[in-house]
Amino acid sequence: MFAPAVNALPRLRRRWRLLRLRGDAVECPCCGGRFREFMPGRDPNNPICPRCGAQARHRALWLYLHERTHLFDGQGLRVLHFAPERALGRALAGAPGIQYVSADLEDPAAMEHFDITDIPHPDGSFDVILCIHVLEHVENDRAAMRELHRILAPDGFAVVLVPLDLDRADTYEDPSITDPADRERAFWQADHVRLYGRDFADRLREAGFDVTVDRWVRSLEPSTIQRYGLFPLEDMYVCRS
């Protein structure tokens, strides 16, 4: 008899949160929400949208796709989005002129389910691939990179982002580290299997990609960084065949 009230609690909390944070100091480009401030995340450089839950990297990618690519030009581009984040997935699925497919190994919210190291699509199947904070979870990331390269159309592009330690020259991985607490200390999160360094672009190139590290976010005015709650060092790794 109390189920309806219990089920209503998340909605009530969300309404209270939006009411408490209403304002116009910051803006989420993913959902269009405007607030007094973003919610703090675990990382102070990663504030969260109170409405759609978008994190700093999601907002940066959404702006980047609008400002620096032809994705939204109405060309009917075929888009494959791995491990679809709720905020980005909803925005992309609802965008006109895009043939959107989301994929994940297990997430029931994804449209397709498969292993990123064994993708069941023919060569050159997609014009745009979005792979955001996925490879650090994949044991054989080099196989995954080769698969991404295989299914990318000759004139397409992929945006591949991972947690990156800019102070580390080489990617750190140690298969003997399996304890969750040890992995969190070594790789920043308990379900990560490596910590990428500045050689990340080279690993992508070894898979066959032509890689551009686009530092567009760094060129933005501080007021824009503040407005959209971006991480100022969020570089975009743009891969082409």
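Every letter in the sequence shown is one number past the one before it in this note's numbering, and letter 22, counting from 1, is 22. Beta carbons: idealized from backbone N, C-alpha and C, even for Gly.
1. How far does the beta strand (DSSP E) with residue 98 in it reach, from first residue to last?
2. How big is the Cα-Cα spacing for residue 271 and residue 198?
3. With a cut-off of 8 Å on the beta carbons, I'd call residue 26 and residue 229 a contact; round off their distance for me.
4. Mind checking which residues open and close the beta strand (DSSP E) that includes residue 78?
5. If distances are taken between C-alpha atoms only, which option among 184, 146, 110 comes closest to residue 123?
6. Since residue 132 contacts residue 57 with CB under 8 Å, what's their CB separation in whole angstroms?
7. In terms of residue numbering, what span does the beta strand (DSSP E) encompassing residue 237 cover?
8. On the three-state DSSP scale, how would you describe residue 14?
9. Going by the DSSP bridge assignment, what does residue 22 pair with across the sheet?
10. Between residue 213 and the rest of its own chain, which residues show a CB-CB distance below 7 Å, the 5 nearest in sequence each way excluded?
11. Under DSSP, the beta strand (DSSP E) around residue 154 begins and ends at which residues?
12. Just the C-alpha distance for residue 4 and residue 10, rounded to the nearest angstrom, thanks.
13. Indicate whether residue 112 and residue 101 have their beta-carbon atoms separated by less than 8 Å.
14. So, with DSSP's three-state summary, where would you put residue 225?
15. Let me know the secondary structure DSSP gives residue 195 once reduced to three states.
16. Between the beta-carbon of residue 134 and the beta-carbon of residue 116, is there less than 8 Å?
17. Excluding sequence positions up to five away, which residues of its chain have a Cβ less than 6 Å from the Cβ of residue 186?
This is what the structure holds:
1. From DSSP, the beta strand (DSSP E) with residue 98 extends over 98-104.
2. Only positions 1 to 241 of the chain appear in the structure, and residue 271 is not among them; the question remains open.
3. 6 Å
4. 77-82
5. 146
6. 6 Å
7. For residue 237, the enclosing beta strand (DSSP E) has its first and last residue at 236-240.
8. helix
9. 35
10. 201, 235, 237
11. 152-161
12. The pLDDT assigned to residue 4 is 47, lower than 50, so where the model puts this residue is not dependable, and the model offers no usable value.
13. For residue 112 and residue 101, yes; Cβs fall inside 8 Å.
14. Looking at residue 225 - three-state DSSP - the assignment turns out to be helix.
15. strand
16. yes
17. 177
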